[in-house]
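One structure below.
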Amino acid sequence: MESITKNRQSLDTLRAMVARAYGDDHVPSRTGRWVHELRHGWFNVAYRIRLRDGRHVVLKIAPARDVDVMTYERGAMATELAAIELIRARTTVPVPDVDFVDASGELGGAGWFFMPYVDAENYGVIRSALSACEQDRLDGALGRATRELNTITGEAFGPLAGPGVAGWRACFLSMVEAVLADGSRRGVDLDYARLRALFAAHADCLDEVTEPRFVEWDLWDSNVLTRDGEIVCIIDHERAFWGDPLIEAGFVATRLPSFGNPAAFLRGYGKPALTPGEHDRRRLYNLHLTLVMLIETAYRGVTGPRHLSWVRARLAEALALF
């Protein structure tokens, strides 16, 4: 996907990054096709690179430091690296290894890191070609993986690196306010006063959440790599935080059917039904999510009317739940 946040680099800079990470002996020759951009993401740029010894690795580069991003996206690469470390240390959910990290910005004007290439298929890409049974199996596995991620507990609600707050209500409402402020700053056409009042009027249900849990939040099928009908890797962890597990992507469709059928995910997660309070929280989370989806288009440089129309329709559905 195209986005102005993608910090693409010249072949010479990519070769310099390889040299810094793996040594001069592994730098690809100047001839032949040794680099391929992986285009499914919408924030960072990622390249698949063949090293001189034949190994394939992935290079992920953060947006340039002078590119304006949404408030919650600041420091996203550091969040991803912290999330990978947490997941690897405290769960069995498969995540990428990290070969090398450079946060200096000396090359490419931003942070970047290398990881081994995982030879697998992207579930979001191949989903429509799978049978209903195969989709059901993978959705159930995604539910189980999400549940295991949510077993990781934290000390406070908020960013993985802190600072956090003691209550989920204060944390979530601050997340909402940051998104609305991002939209206002870019002139996104919304009734901001009405939205703020709506969140405030329905915030009591947030007090049911008392324990900070690791939340991946962006765990859609497009961030799942599969092989032979099994999940072999979860990727793109830059949106993780300490929060309420019910805010996870797999629960979106419980109140917004346009996002698919959540039955297999819920079965895998071990949560066949939501309580009334959870339904109320999910309404708030869906409204927050669809606002993010709309406002981020201004930060990605998306102008296509088809996508904007689709996002506006999802926001209208989320508002209709109230």
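Residue numbering for the sequence shown follows UniProt numbering, beginning at 1 and increasing consecutively. Here a beta-carbon is modelled for each residue, glycine too, at the ideal position from N, C-alpha and C.
- Of the residues Asp280, Ile231, Val252, Leu138, the one whose Cα lies closest to the Cα of alanine 264 is Leu138.
- Distance from arginine 281 to leucine 246 at the Cβ level is roughly 6 Å; contact confirmed, criterion being Cβ atoms closer than 8 Å.
- Tryptophan 112 is bridged by DSSP to Ile61, Asp102.
- DSSP, reduced to helix, strand and coil, places histidine 307 within a helical segment of the structure shown.
- In the DSSP annotation of this structure, the continuous segment of the alpha helix (DSSP H) that includes cysteine 171 starts and ends at 168-185.
- Judged by beta-carbon spacing, asparagine 44 lies beyond the 8 Å limit of alanine 16, meaning their Cβ atoms are not closer than that value.
- Per the C-alpha coordinates, the member of Asp182, Leu173, Trp242 positioned closest to valine 292 is Asp182.
- Fully contained in the region 114-171 are the following alpha helix (DSSP H) runs of length 4 or more, in chain order: 123-126, 132-149.
- Comparing alpha carbon positions, the residue from Glu37, Met115, Val93, Thr79 closest to alanine 21 is Met115.
- Counting along the chain, arginine 15 sits inside the alpha helix (DSSP H) bounded by residues 11-22.
- Within the same chain, and ignoring the five residues on either side of leucine 266 in sequence, the residues whose Cβ sits closer than 7 Å to its Cβ are Gly143, Pro272.
- The alpha-carbon of leucine 294 is positioned some 12 Å away from that of glycine 301.
- When the beta-carbon positions are compared, tryptophan 42 and serine 104 stay at least 8 Å from each other.
- With the rule of 3 Cβ pairs closer than 8 Å, the region 194-204 does not count as touching the region 235-250.
- Segment contact: the region 209-228 against the region 304-319, fewer than three CB-CB distances shorter than 8 Å; contact not assigned.
- If you look at leucine 38, you'll find it in the beta strand (DSSP E) that goes 35-38.
- Going by DSSP, alanine 203 is part of no beta strand (DSSP E) at all; its letter is neither H nor E.
- Beta-bridge pairing by DSSP links leucine 225 to Asn122, Cys233.
- When DSSP states are grouped into helix, strand and coil, arginine 50 belongs to the strand group.
- Contact between the region 242-262 and the region 150-161 is present: 3 or more CB-CB pairs across the two stretches fall below 8 Å.
- For arginine 213, the enclosing beta strand (DSSP E) starts and ends at 213-215.
- For glycine 260, there is no enclosing alpha helix (DSSP H), since its DSSP letter is neither H nor E.
- The alpha-carbon of threonine 146 is positioned some 43 Å away from that of threonine 31.
- In terms of Cβ geometry, valine 224 and tyrosine 123 form a close pair [threshold 8 Å].
- By the criterion of a C-beta distance shorter than 7 Å, aspartate 68 is surrounded in its chain by Tyr299, once the five residues flanking it on both sides are discounted.
- In the three-state reduction of the DSSP assignment, valine 292 falls in the helix class.
- With respect to threonine 79, leucine 160 sits close: the two C-beta atoms are nearer than 8 Å.
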